[in-house]
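Beneath this line is the structure, given in structure tokens, with notes to follow.
There are 2 protein chains.
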Amino acid sequence: MASIKDVAAEAGVSVATVSRVLNDHPSVSADARTRVLAAVEALGYRPNAVARSLRTDQTRTLGLVISDVLNPYFTHLARSVEEQARALGYSVIIGNADERPDLQDHHVRTLLDRRIDGLLVSPTDGGSPLMLDAARSGTPMVFVDRWIAGVDVPVVRSDGRTAVHDLVAHLHGLGHRRLAIIAGPAATTTGRERVEAFRQALAAYGLPLPDSHIGQGDFQAESGRRVMERFLDLAEPPEAVFAADNLMALGALDAVRVRGLRVPDDIALAAFDDIPWFVHTDPPITAIAQPTGELGRAAVRALVDRIEGRPPESVTLPARLVARRSCGEPASAEPRVLQKPPVLQEATASAEPSPATNRSQS
Amino acid sequence: MASIKDVAAEAGVSVATVSRVLNDHPSVSADARTRVLAAVEALGYRPNAVARSLRTDQTRTLGLVISDVLNPYFTHLARSVEEQARALGYSVIIGNADERPDLQDHHVRTLLDRRIDGLLVSPTDGGSPLMLDAARSGTPMVFVDRWIAGVDVPVVRSDGRTAVHDLVAHLHGLGHRRLAIIAGPAATTTGRERVEAFRQALAAYGLPLPDSHIGQGDFQAESGRRVMERFLDLAEPPEAVFAADNLMALGALDAVRVRGLRVPDDIALAAFDDIPWFVHTDPPITAIAQPTGELGRAAVRALVDRIEGRPPESVTLPARLVARRSCGEPASAEPRVLQKPPVLQEATASAEPSPATNRSQS
DNA sequence: GTCAGTCGTGTAAACGATTCCACGACTCAC
DNA sequence: GTGAGTCGTGGAATCGTTTACACGACTGAC
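Line by line, the protein sequences give chains A and B.
Just so we're aligned: the first sequence equals residues 1 to 362 in the working numbering.
Just so we're aligned: the second sequence equals residues 363 to 724 in the working numbering.
The following block contains the structure:
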């Protein structure tokens with residue numbers, strides 16, 4: 001593969017001049033510039049990013065470590081991150097932790113070894129020594145969706161409290177009193193927060209949340225199935241179940257179906273994180289929708305601000321309830337979305353709140 | 363960040379010795395080794411992968427350019443690719459082409475600039491000059507799922523012909539005679555092949571496939587919706603529609619629903635590519651399932667073989683029909699999968715054909 | 001005609017690793 | 001005791017860039 005030396009020889013100039021042309025440095029004559037460009041063309045030369053990175057100490061690359069690629073929420077997030085990064089001239093390397101702290105560490109280590117310019121993380125746990133070290137030692141870093149307390153890292157996330165309250169109001173309005181939750185891992189902020197928000201909302205209606213109605217899941221489908229089975233085995237099973245993410249909701253739906261029961265007739269179901277498929281499940285599933293695309297874009301903006309020396313901004317955006325039929329309402333049609341079902345709007349992010357609003361600084 | 367020089371100074375040896383310890387080269391004394399290891403520990407030293415790559419001319423990184431990350435099929439593929447690559451000591455950088463040739467080229471170029479060791483591609487089109495150049499100039503490359511004719515690059519894919527034949531038999535058995543297809547882009551092999559297989563299978567039953575019953579889609583949901591609308595507007599709409607991928611099936615389902623019609627009562631629907639959500643849609647969707655995980659793993663094995671100087675092997679694995687209720691059968695339960703619904707099995711790939719079988723060399 | 005300033009260019013030193021080669025200190029066979 | 005071989009080590013070149021610095025050729029003011 002042709003190097004800058006070959007180009008220099010072909011153009012009859014020094015490598016310094018070639019480099020200057022490539023980085024369009026002003027002080028190079030028009031003549032030299034055209035000769036270099038011709039040589040570049042002739043040889044099909046492409047600069048070696050590895051060498052360039054070594055010299056300049058920057059890779060123009062962002063690392064993104066997410067908890068689970070198979071979760072459509074994170075896939076969507078990853079896509080918007082890549083899009084925004086590309087717009088700002090950065091590449092993204094994705095590491096999939098699969099909700100496993102050891103895998104998460106593996107990816108963080110690999111990304112750090114590659115000297116990425118900054119790291120976007122949605123932590124799977126409370127923070128390994130490695131991650132804490134990275135944060136404290138000044139690696140540009142931003143948490144997205146989930147975060148770790150006690151480190152000085154901006155957080156871009158959505159606040160589901162209001163939406164969870166709306167959900168409980170919705171369930172209460174439909175006559176459900178015995179409510180249960182399939183929780184995420186307590187080591188994650190989203191795992192804890194969603195339970196907490198649910199508990200507070202229930203309290204506002206004078207409803208209890210006994211321990212038997214808090215099932216411990218791990219954000220994966222299999223755990224949703226397991227917890228739902230336990231709920232159904234109870235002497236007095238819950239009337240409505242709230243799954244803290246979409247995969248556990250899917251598992252829960254499996255469990256209900258295997259028993260030959262029906263949603264919402266036998267048991268109501270709702271989920272955190274709305275995804276296009278929820279419109280088409282049997283029945284369509286009531287969910288809390290995050291402004292996923294905007295979350296990804298805001299996270300990249302914050303990280304790039306940090307990398308380029310501007311003060312990064314923490315961002316919190318609101319989530320909203322999308323009521324469908326899985327909790328029992330004789331729904332007329334798809335709510336809120338009048339023109340087209342969400343599936344197609346998700347792709348263009350037009351259904352999301354406007355970027356300019358709902359910011360809060362921290 | 364500490365460099366190898368700092369470690370050498372700390373340990374009181376030369377950088378050469380440090381390097382030897384790091385790459386566990388045999389000729390280094392036990393004493394020197396422990397001193398170096400202690401210094402590495404003390405300084406929290408991690409080798410700079412950028413510098414290492416420049417020197418050794420290898421990055422131990424694979425590029426994966428896929429057509430659309432939002433498509434669960436490709437997400438699953440990407441995950442299995444990363445898993446297998448990690449097992450073989452490689453990292454993976456994913457580029458999402460979003461079915462856009464220009465974006466695909468962008469990613470190929472970026473990956474090449476980074477001097478990845480090899481490229482896994484599921485081409486969005488018939489092959490841009492850039493991609494053809496890369497293939498011909500000897501970049502280790504393997505096509506997965508889709509391929510480009512006329513270049514000497516191994517292909518790892520699945521053959522859906524038998525499954526498509528089974529599908530047509532299934533539809534015919536249910537009494538459907540007017541069949542239609544929502545095709546993928548003719549520029550892709552999968553786009554063409556699926557139409558071709560469908561046409562041949564119809565011919566075997568003496569059924570016609572008029573042009574009005576071939577809708578041109580682009581593998582995205584919106585196109586599925588559009589084509590389905592056209593089908594429904596026909597004087598004599600088809601009785602059954604086969605979507606060439608899962609996203610177009612989703613769009614088609616939208617279109618049917620918006621008209622207030624029902625699947626399968628008013629129109630039957632089947633899709634290429636099975637995904638966990640199809641079990642829970644209303645109705646559950648009949649689909650052709652590829653051995654996605656094994657495809658990803660085989661592709662990585664082939665690419666790494668090529669990179670490390672062994673002769674790479676093209677692989678073709680069979681796809682299979684998974685009949686559900688969307689074509690009209692009064693299905694008793696989930697077919698073939700008796701213990702658990704596919705959603706949980708997908709994650710562990712246990713439902714896939716064994717890796718050892720069904721190979722074909724090319 | 002001299003001198004200061006500009007402009008375009010080239011030389012060479014980094015960046016952080018790997019690896020070839022040379023060399024000194026041994027061991028061991030004769 | 002000498003010579004050959006082994007072993008551990010360090011010096012230095014190298015990978016492909018960027019960039020500080022020096023320098024020669026101009027220009028233009030005095």
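C-beta atoms are modelled at their ideal positions from N, C-alpha and C, and glycine is treated no differently.
- prompt: Buried or exposed: where does A235 of chain A fall if 16 or more other Cβ atoms within 10 Å of its Cβ makes it buried?
  reply: exposed
query: According to a CB-to-CB cut-off of less than 8 Å, which residues of the segment 46-72 of chain A neighbour chain B?
result: R46, P47, N48, A49, V50, A51, S53, L54, T59, V69, L70, P72
field: Residue from B:T379, B:A400, B:R397, B:D628 with nearest C-alpha to V390 of chain B
entry: B:T379
- prompt: Listing by chain order, which chain A residues have their CB less than 7 Å from the CB of N385 of chain B?
  reply: By Cβ distance, chain A contributes nothing, its closest Cβ being about 15 Å from N385 of chain B, past 7 Å.
- request: Answer yes if the segment 394-412 of chain B comes into contact with the segment 600-613 of chain B, meaning at least three C-beta pairs across the two stretches below 8 Å, and no otherwise.
  value: no
- prompt: Could you give the uninterrupted runs of the beta strand (DSSP E) lying entirely in the segment 559-644 of chain B, keeping only those of 3 residues or more?
  reply: 576-578, 602-605, 630-634
Among A:R194, A:Y205, A:A187, nearest to H176 of chain A - alpha-carbon criterion: A:Y205
message: Nearest by alpha-carbon distance to D507 of chain B: which of B:A661, B:E670, B:G671 is it?
response: B:A661
task: Please work out which residues of its chain come closer than 6 Å, Cβ to Cβ, to A243 of chain A, disregarding the five sequence neighbours upstream and downstream, and give them in chain order.
output: I182, G224, A249, A252, A271
field: Residues from the segment 265-285 of chain A in contact with chain B, defined by Cβ distance under 8 Å
entry: P276, W277, V279, H280, T281, D282, P283, P284
query: In angstroms, rounded to a whole number, what distance separates the CA positions of M141 of chain A and L120 of chain A?
result: 6 Å
- prompt: What number of angstroms, rounded off, separates the C-alpha of A32 of chain A from the C-alpha of D495 of chain B?
  reply: 28 Å
task: Kindly identify the DSSP beta-bridge partner or partners of S158 of chain A.
output: A:L317
query: So, is the C-beta of T486 of chain B closer than 8 Å to a C-beta in chain A?
result: no
message: Can you confirm whether V7 of chain A, when its beta carbon is compared against all beta carbons of chain B, has any partner nearer than 8 Å?
response: no
task: Would you identify the three-state DSSP class for G658 of chain B, choosing helix, strand or coil?
output: helix
Cutoff 8 Å: E82 of chain A Cβ touching any chain B Cβ: yes
- prompt: Are the segment 311-327 of chain A and the segment 161-173 of chain A in contact at 8 Å, needing three or more beta carbon pairs?
  reply: yes
message: Please tell me whether L303 of chain A and L130 of chain A are closer than 8 Å, where the distance is taken between their beta carbons.
response: no
- prompt: Do you know how far the Cα of E41 of chain A is from the Cα of G500 of chain B?
  reply: 19 Å
message: Please confirm whether H76 of chain A has its beta-carbon closer than 8 Å to some beta-carbon of chain B.
response: yes
field: Cβ-based burial, D57 of chain A [other Cβ within 10 Å; buried from 16]
entry: exposed
query: With DSSP run on the structure shown, which of helix, strand or coil describes I288 of chain A?
result: strand
- prompt: Beta-carbon separation of D635 of chain B and A649 of chain B under 8 Å?
  reply: yes
query: Nearest to E675 of chain B by CA position, among B:R540, B:R519, B:V454, is which residue?
result: B:R519
Extent of the continuous beta strand (DSSP E) run through I543 of chain B: 541-545
message: Can you look up S91 of chain A in the DSSP assignment and give me helix, strand or coil?
response: strand
Close-in-space but distant-in-sequence residues of the same chain around F436 of chain B (CB under 6 Å, 5 per side omitted): I428, D430
field: Distance, W639 of chain B Cα to G126 of chain A Cα
entry: 31 Å
- request: Determine the closest residue to R297 of chain A out of A:R262, A:D6, A:Q216, A:A87, with distance taken between C-alpha atoms.
  value: A:A87
task: Given a cut-off of 8 Å, decide if R686 of chain B and G637 of chain B are closer than it, judged by their beta-carbon atoms.
output: In the sequence under discussion, the amino acid at residue 637 of chain B is Ile, which differs from the Gly named in the question. No, Cβ-Cβ distance for I637 of chain B and R686 of chain B is not below 8 Å.
- request: State the start and end residues of the unbroken alpha helix (DSSP H) segment that holds V380 of chain B.
  value: 377-384
field: Unbroken stretches of the beta strand (DSSP E), 3 residues or longer, contained in the segment 400-438 of chain B
entry: 423-428
query: Taking Cβ-Cβ distances below 8 Å as the criterion, which residues of the segment 107-137 of chain A are in contact with chain B?
result: R109, T110, L112, D113, R114, R115, D133
- prompt: Which residues, in order along the segment 597-629 of chain B, keep a beta-carbon less than 8 Å from a beta-carbon of chain A?
  reply: L612, G613, L615, D616, R619, V620
message: Please classify T34 of chain A as buried or exposed, where buried requires at least 16 other C-beta atoms within 10 Å of its C-beta.
response: exposed
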